[in-house]
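Undergrad:
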Amino acid sequence: MMNRLNNLATLQIDSSRKISFIFRGKRYYGLEGDTIATALYSNGIRIFARSLKYHRPRGLYSLDGECSNTCMEVDGIPNVRCENTLLKDAMEIKEQNVKGSLENDKMSVIDKMDWMMPAGFYYNTMHKPAKIWPIAMKQIRKVAGLGTLSPDFKMTGKYDEIFPTTDVCVIGGGPAGMSAALSAAGKGLRVILLESRPVLGGFFEYRLKEYKEGQSFHERARELAAQVEEAENIRVFTHASMIGAYNNNLITGFQIGRESDCFDERYIEIRAQSVIVATGCIERPLLFENNERPGIMQTGCALRMAHTYGLLPGKEAVFSIGHDLGLETAISLYDLGLKISCVADIRREGQDSELVAQLRERNIELLKGSVATMAHGAKQVNKVTIATVNGTASQDYNCDLLVASAGLTPVTSAITVVRGRLKYDDHTGYFLPDQMPEKMHATGRVLGLDNALAIESSGRLAGLQAAFDCKACSIAEIGEAENELEKLPGPTQGTKLVIAPVKGRKSFICFDEDTTIKNINQAIDKGFDVPELIKRFTSAGTGPGQGGIPGHNLPLYVAQYQKLPSISIRSTTVRPPIVPTLLSTYAGTNHAMFKRTPMDEMQREDGGVFRNIGVWQRARYFSNDFSCKAEIENVRSNVGILDGSTLGKFRISGPDAVKALERVFVSDMSKIKEGRVKYSAMCNDDGCVIDDGIIVKQGENDFYFTTSTGRAGSTIEWIRYHTRYDGWDFHMVNLTDSMGVINLSGPNARKVLEKIVDIDISNEAFGFSEYREFKIKDTISVRAMRLGFVGELSYELHVPSSYMKSVWLMLNEAGKEFNIRNFGVEAQNVLRMEKCHIILGQESEQRTNLLDVGLGFLWDRNKPKAKTVGAVALRQAESDQTRLKLVGFKMENSGRAPRDGSLIVDEKVRGYICTARDSFTLKEGVGMALVEGDLTKIGTRLEIYEDECGDDRIYGKVVQMPLYDPEGTRMKM
Amino acid sequence: MFSKQKPLWGKKKKLKSSYDVVLIGGGLHNLATAYYLAKNHGVTDIAIIEKNFIGFGGAGRNTAIVRANQRTQHNVPLYKEALDLWPVLTKELDYNLMFNNCGNLNLMHSEAAMKAARTTISTAQFHGVESHLIDAKEAKELVPALNISDDITFPIHGAMFHPPGGIVRHDAVVWGLAKGAAEKGVEIHQQTEALAVGTKNGKVTSVTTSEGVINTKQVLISAGGYSAGLINGMLGIKLPISVLTIQAMVTQPLKPLLNHVVSSGAYHCYANQTLKGEIATGAHMDPWPNYTNLSTAHFIKHQAEALCEFLPCLKGVRFMRIWGGLADMTPDMAPILEGNNHFDGFFMNCGWGYFGFKSCSSAGKYMAEYMATNHCPDMLKPFALKRYEEHKLMGETAALVSYSPDN
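Top line first, the protein sequences correspond to chains A and B. Under the working numbering, the residues of the first sequence are numbered 13 to 985, in order. Under the working numbering, the residues of the second sequence are numbered 146 to 552, in order.
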């Protein structure tokens, strides 16, 4: 294990707490506070991964996961970015995408065959002759992909979710973000602050340079953080990455839990009135030959390795940088004991004179106007060629560390994912916010600012701008804050160098996809001349790093290669999630989502086999005999009880209630008599049946009606929508959940019901198709209907949900002497099929209209008051004989019934079977089918094509409907 | 492969003042139509007018699934031919379209769904397309990652297994067809916006573009989600189309895990593994019409919830990228292909919803025949606009569709 630096105020590790972990089967130790990557680094690991295509060795490059260089398998989870995953006790870590070992990957020979693989070479190879493609594809699939996930992998851990609302959401807990949060909170607003790293402080946190007399940047960060943590109305989420931003300031993110938290990760969805983007900068990768060799890292990475984790990242270093932070890092690391051969600065001038003086004091050679052109060393950098930026003179330097960075690049993804616009800025060389989305404000380094005081001032300004959005701040205050910011230094000039003076065969613009500068040239030459097309053709920027590496360089390089003016440089698209996010984190905790009827528990106790039907769970069977023979025969010969509580149930009342009903139902509602049940249906504008149900009149302008189970959710909206211009006076109440329904059916139904009611329910007093309201035991109000859906004497009792169990128990008690028993949805399905009563969705489909299913008699064409939805279409379709029509059929020669969904065919498909069963009641195979008009005549032979039937057919014959009890005597008895 | 790179679809040319045929929209259907006009009918004086870049709409935003297990006899043959054309086109275009003939597994979660699947499967088998109804255990044998236990929201009853389907590299189809068409003389004008279609005496006469006016007698608008708006704006023809954003996303790349396209209607979710190893997933559309192309927070969360249930091992993988595209939905989930109806020389090919990718090759082929002969091929006759006037929906979906309350 490497020695750690001690006594640095910035350290986030605890040297006294060792953590053991397993890497490639061997035990190693890290310290508390380490990331997996820093722990591995401290154990001498330098190669962390092999690249996707060429299997080039890859090392620690940044510490924020902008590329897949440190992706490993951790505890069975593939593609974990080790550089920002904290080390935990007993973690099991394995390398990925390697044949052999990280040090000796057998696949790395591909690196030498790059000349065979120009951009898009796949499209031109492996398809001639055609039969090699499937074989080649298999190999491609094997070598593609990074990590391995086992099909029986079981995720452990807790995944939570929260949905807070706030006045202001600040993304980024650096100096600008903290200043913004404090200034918004100072206005009395609720603030949420998201910081992706485990601690607040941003790029102040790990720097020991002087912020002001007697205070370092680190101390300033701690000072601000303390203020933020003390502020009561700021809720801080650390180790929480923002992953998405959506319309109306919906911000999503996720937080990684600490040991003490009750979750491993949690999804956070924040609705904010105003959003502040204080995401700071990442570094712009430097493009040169072998720019991704292990041993090459960005300046922030090198500095944080030392200051945060106490690890001096090398012994002898070369710096090739383009920003003052590079100079600062060189000085800091030199002071900690790093030998520095030279610092090559892309800039010829413009360096901070104090930093230059400090370099000189330390005898560190500063080469202005120079840049690294090539890294040497097969697996790790051991030498670097430094040249002037125009490529005229060059010199080699030995080293084991190359700190390389072209400069900075603002992190603007939070802005662009909600369609904020960026503009290329010639002065800084950045893409800077041009048009901000509504109520979103950029601040700090996102605006290109460099000066520490300006960054904080800009944060305070953004806080006030957000407060203004929340009506908690005046324009004058914002003006003052703007003036304050204007007095401070603005953005400094950035470096313009796009690429070191090299051809670019091994200069990688995208690490994840192994895309080189040469590949980009090839793509442009092929006509893919804009970054968005190049991304598709070369895959650059589409890997696990989400474009963090090529995002800035690609558009710059494309413009440079084509000699386009800088005005034409457009940033590439960034898409959420901005940070790769586990599916289990997105999914969070899953809740049971189905509704249960009041009878749910009792029916389960009775052995009900439940199924999801729409938003409900219903008992479909009451035994393991899914033909439901016993249930069916009991209803036909005795009495059965069914829970129909899932029916949609509504009350509609008011002076215009009839008109509203007539608008959507096809029947004339003015003719409904009190005490009678009206069956009707609804159509859409094409005349297609969308629902059916019964309507009863409860009083003057007061109706109660039902819809099918699946339609209950949308009925009120449907009626409201179709009456929206009429200004009618009516009211609707959805009673679906407050009322339960019991269906009591069978020849003995009356005998059972009689025992628990006080009113006369004889056929004369309460006949078929009639409606009665009464009370059971003077307490339970019941709405009772005589219906005949299953074709037997039948009562449908609508009972307040809270009384459902009581009535159910009373009926069962009363029915005991008749051996009353449950019947489920499937038994009901067969019973009603025998009676040829349709179920919408089963005997109808999208294109089936009212007339097609034989319900034309419900349609009252002369309705006076209201135009009926679908009536025009019904008139137009009335004489069309080519439509699919519903018929009943029996099987020929006592054959078995076909399977539901089988086809009716001749040379073509002529229809299909809706429902068919071997009927216990009728002792033959029967069913209903939708067939073309010319096949509807009674006696027509139907040729039935079942799946897997080959050349075999079975035959049925069209018969009169209904199949069971054609006179309807049984339901009227 | 070693030669100097040349522009794949020809060097940029200046727009001429007249073409025999103008195709508005640089997506797959027009690229295919252009290719077949040139190849099968010798019509090569063609300009494809694309406002943005070729393949920037639905062509580059779909999840590349191809199949021929549609529900009706009108659709199955068209999609079957499209499926058969992938290897043919790979050869003809000399461009690897990377057809991964992995088969599609469509999960069924109820008795009703099994019945609906049987109609679809029977229709496929009747038309000589391989498709089978299998039970949950057989599905698990094909896809070991499936959760076929009862403890999920929608337990799996079985599946429709359609071996001839699979995935095709969608961008490759765009580039391959562009290359093939350009080699035969078709001109592709990117960054050129069509502004108006000129007509005189009921005949098409010209197309006005941002780069100048083109005289022409035949125009085809096939611009994906933008077709309905363009056709109405330019010619005043209102179509029964609702445009909705549909989203898709991919995870980080993995070594081979899913060897089939797996989809579920109840979960509103499909998943397949791309050649790069990403799990691509998506399914339902935004619940209201919009042209935004924006992704939403709800959708990616829903997708994760669904996948974590029926493919639970995916809990351990990360989503990497989500995007949106437009689906132009008709009331019956079937497209509108029409020509010489409102104006002589005016053709439309739109309303494909989210089926535009799988159908592009055969639809382009027949559309080319339609335009070259001015005679509607039998294959396209069922897709005429008049079916809506006659209230004769196609029946491509069993269930009612409702994109908005007025649909």
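Cβ coordinates follow ideal geometry from the N, Cα and C atoms, glycine included. Because the structure is a prediction, the values reported are computed rather than measured.
May I ask you to list, following chain order, the residues of the region 371-402 of chain B that have a beta carbon less than 9 Å from some beta carbon of chain A?
TA: Taking 9 Å as the Cβ-Cβ cut-off against chain A, the residues of the region 371-402 of chain B that qualify are Met-394, Val-395, Thr-396, Gln-397, Pro-398, Leu-399, Lys-400, Pro-401 and Leu-402.
Undergrad: Give the straight-line distance between the Cα atoms of B:His-277 and B:Ile-266, rounded to the nearest whole angstrom.
TA: In the second sequence, counting from the first residue as 1, residue 277 of chain B sits at position 132. In the second sequence, counting from the first residue as 1, residue 266 of chain B sits at position 121. So the alpha carbons of these two residues sit roughly 6 Å apart.
Undergrad: According to DSSP, is A:Gln-858 helix, strand or coil?
TA: Taking the first sequence and counting its residues from 1, one reaches residue 858 of chain A at position 846. Three-state DSSP puts A:Gln-858 in coil, outside helix and strand.
Undergrad: Could you name each continuous beta strand (DSSP E) segment of 3 residues or more that falls completely within the region 690-757 of chain A, going from the start of the chain to the end?
TA: 701-711, 714-719, 743-746 and 751-757
Undergrad: Could you confirm whether any beta carbon from chain C is found closer than 8 Å to the beta carbon of B:Arg-206?
TA: Here the protein chains are A and B, and chain C is not one of them.
Undergrad: How far does the beta strand (DSSP E) with A:His-388 in it extend, from its first residue to its last?
TA: Mapped onto the first sequence, residue 388 of chain A falls at position 376. That run of the beta strand (DSSP E) goes 382-388.
Undergrad: For A:Ser-191, report the span of its alpha helix (DSSP H) as first-last.
TA: Sequence index remark: in the first sequence, residue 191 of chain A carries index 179 (1-based). Taken as a continuous stretch (DSSP letters only), the alpha helix (DSSP H) holding A:Ser-191 covers 187-197.
Undergrad: With A:Trp-820 as the anchor, note down where its alpha helix (DSSP H) starts and where it stops.
TA: Here residue 820 of chain A refers to the residue found at position 808 when the first sequence is read from its first residue. Its alpha helix (DSSP H) spans residues 816-827.
Undergrad: Could you give the C-beta distance for A:Ile-147 and A:Ile-263, rounded to a whole number, given that I count them as a contact under 8 Å?
TA: As a working mapping, residue 147 of chain A is identified with position 135 in the first sequence. As a working mapping, residue 263 of chain A is identified with position 251 in the first sequence. The pair is not a contact, with the Cβ atoms about 48 Å apart (cut-off 8 Å).
Undergrad: Let me make sure I understand the geometry here. Which of B:Ile-424, B:Leu-250, B:Gly-410 and B:Lys-421 has the alpha-carbon closest to that of B:Met-430?
TA: Position 285 of the second sequence, counted from the first residue, corresponds to residue 430 of chain B. Nearest option by C-alpha distance: B:Gly-410.
Undergrad: Going by CA-CA distance only, name the one from A:Ala-49, A:Leu-942 and A:Thr-504 that's closest to A:Arg-859.
TA: Sequence index remark: in the first sequence, residue 859 of chain A carries index 847 (1-based). Cα-wise, what sits closest to A:Arg-859 is A:Leu-942.
Undergrad: Using a Cβ-Cβ cutoff of less than 8 Å, which residues in the same chain neighbour B:Lys-329 once the five nearest sequence positions on both sides are dropped?
TA: Residue 329 of chain B sits at position 184 when you count from the first residue of the second sequence. Closer than 8 Å at Cβ, skipping near neighbours: Tyr-180, Ala-183, Lys-184 and Thr-189.
Undergrad: Ends of the beta strand (DSSP E) at A:Ser-253?
TA: One-based indexing of the first sequence puts residue 253 of chain A at position 241. That run of the beta strand (DSSP E) goes 252-258.
Undergrad: Could you have a look at B:Met-516 and say whether DSSP puts it in helix, strand or coil?
TA: As a first step, residue 516 of chain B is located in the second sequence; it is residue number 371 there, counting from the start. Of the three classes helix, strand and coil, the one that applies to B:Met-516 here is helix, per DSSP.
Undergrad: Within the same chain, show all residues whose beta-carbon is closer than 8 Å to that of A:Asn-533, passing over the 5 residues directly before and after it, in chain order.
TA: Here residue 533 of chain A refers to the residue found at position 521 when the first sequence is read from its first residue. Only Gly-516 and Tyr-573 meet the Cβ criterion.
Undergrad: Measure the C-alpha to C-alpha separation of A:Ala-599 and A:Met-84 and round it to an integer number of angstroms.
TA: As a first step, residue 599 of chain A must be located in the first sequence, where it is residue number 587. As a first step, residue 84 of chain A must be located in the first sequence, where it is residue number 72. For A:Ala-599 and A:Met-84, the distance between alpha carbons rounds to 23 Å.
Undergrad: With distances taken Cα to Cα, identify the nearest neighbour of A:Leu-863 among A:Val-701, A:Pro-812 and A:Asn-775.
TA: For this step, residue 863 of chain A is matched to residue 851 along the first sequence. Checking every option, the nearest Cα to that of A:Leu-863 belongs to A:Val-701.
Undergrad: If contact means a Cβ-Cβ distance below 8 Å, which residues of the region 237-264 of chain A contact chain B?
TA: Gly-256, Tyr-258, Asn-259, Leu-262 and Thr-264
Undergrad: By the 10 Å Cβ neighbour count, where 16 or more other Cβ atoms means buried, how is B:Met-146 classified, buried or exposed?
TA: Position 1 of the second sequence, counted from the start, is the residue given in the question as residue 146 of chain B. Because the pLDDT at B:Met-146 is just 45, under 50, the model does not fix this residue reliably, and the value given afterwards should be weighed accordingly. Counting Cβ neighbours within 10 Å, B:Met-146 comes out exposed, since fewer than 16 surround it.
Undergrad: Inspect the CB distances between the region 290-301 of chain B and the region 244-260 of chain B and report whether three or more fall short of 8 Å.
TA: yes
Undergrad: Taking the alpha carbon of B:His-413 as the point to measure from, which residue in B:Thr-441, B:Thr-350 and B:Gly-427 has its own alpha carbon closest?
TA: As a working mapping, residue 413 of chain B is identified with position 268 in the second sequence. Selected option, being the one with the closest Cα: B:Gly-427.
Undergrad: Report back the beta-carbon spacing between A:Ala-418 and A:Leu-371 to the nearest angstrom; my notes put them in contact at under 8 Å.
TA: Here residue 418 of chain A corresponds to residue number 406 of the first sequence, with the count starting at 1. Here residue 371 of chain A corresponds to residue number 359 of the first sequence, with the count starting at 1. That pair is no contact at about 19 Å.
Undergrad: Enumerate in chain order the residues of its own chain whose CB-to-CB distance from A:Ile-792 is below 8 Å, with the five nearest sequence positions on each side excluded.
TA: Taking the first sequence and counting its residues from 1, one reaches residue 792 of chain A at position 780. Closer than 8 Å at the Cβ level, and outside the excluded window around A:Ile-792, lie Val-811, Pro-812, Tyr-815, Ser-818 and Val-819.
Undergrad: When you compare the CB of A:Asn-602 with every CB in chain B, is at least one pair closer than 8 Å?
TA: On the first sequence, position 590 is the one that residue 602 of chain A refers to. True, the Cβ-Cβ gap to chain B drops below 8 Å.
Undergrad: Please name the residue, chosen from A:Phe-249, A:Gly-312 and A:Arg-608, that lies closest to A:Leu-220 on a Cα-to-Cα basis.
TA: Along the first sequence, one-based indexing puts residue 220 of chain A at 208. It is A:Gly-312 whose Cα lies nearest to the Cα of A:Leu-220.
Undergrad: Which residue comes first and which comes last in the alpha helix (DSSP H) that contains B:Ile-481?
TA: Here residue 481 of chain B is taken as the residue at index 336 of the second sequence, counted from 1. Judged by DSSP secondary structure, B:Ile-481 falls outside any alpha helix (DSSP H) and instead within the beta strand (DSSP E) spanning 481-484.
Undergrad: Restricting to Cα atoms, I'd like to know which of A:Arg-632, A:Ile-625 and A:Gly-907 is closest to A:Arg-616.
TA: For the purposes of this step, residue 616 of chain A is taken as the residue at position 604 of the first sequence. Minimum Cα distance to A:Arg-616 is reached at A:Arg-632.
Undergrad: Ordered along the chain, which non-local residues of its own chain (more than five positions away) have a Cβ less than 8 Å from that of A:Leu-476?
TA: For this step, residue 476 of chain A is matched to residue 464 along the first sequence. Around A:Leu-476: Ser-195, Ala-196, Lys-199, Cys-485, Glu-489, Ile-490 and Ala-493.
Undergrad: From this set, B:Leu-168, B:Asn-241, B:Thr-350 and B:Ala-373, which residue's C-alpha is nearest B:Ser-387's C-alpha?
TA: Counting from one through the second sequence, the residue named residue 387 of chain B turns up at place 242. Ranking the options by Cα distance to B:Ser-387, first place goes to B:Ala-373.
Undergrad: So, A:Phe-520 versus A:Thr-528, is the Cβ gap smaller than 8 Å?
TA: Here residue 520 of chain A corresponds to residue number 508 of the first sequence, with the count starting at 1. Here residue 528 of chain A corresponds to residue number 516 of the first sequence, with the count starting at 1. Contact flag set, yes.
Undergrad: From what residue to what residue does the beta strand (DSSP E) around A:Ala-416 run?
TA: Counting from one through the first sequence, the residue named residue 416 of chain A turns up at place 404. A:Ala-416 -> beta strand (DSSP E) spans 413-416.
Undergrad: Distance, Cα to Cα, A:Leu-1068 vs B:Leu-384?
TA: Here chain A covers residues 13 to 985 and nothing more, so residue 1068 of chain A does not appear.
Undergrad: Does any C-beta atom of chain B lie closer than 8 Å to the C-beta of A:Gln-558?
TA: Residue mapping note: residue 558 of chain A aligns to position 546 of the first sequence, counting from 1. Yes, contact with chain B.
Undergrad: In or out: A:Thr-440 buried (at least 16 other Cβ within 10 Å) or exposed?
TA: Translated into the one-based positions of the first sequence, residue 440 of chain A becomes position 428. Result: buried.
Undergrad: Roughly how many angstroms separate the alpha carbons of A:Val-542 and B:Gly-303, rounded to a whole number?
TA: For this step, residue 542 of chain A is matched to residue 530 along the first sequence. For this step, residue 303 of chain B is matched to residue 158 along the second sequence. Roughly 46 Å between the two C-alpha positions.
Undergrad: Taking 8 Å as the CB-CB cut-off, is B:Asp-316 touching chain A?
TA: As a working mapping, residue 316 of chain B is identified with position 171 in the second sequence. At a cut-off of 8 Å between C-beta atoms, B:Asp-316 counts as an interface residue with respect to chain A.
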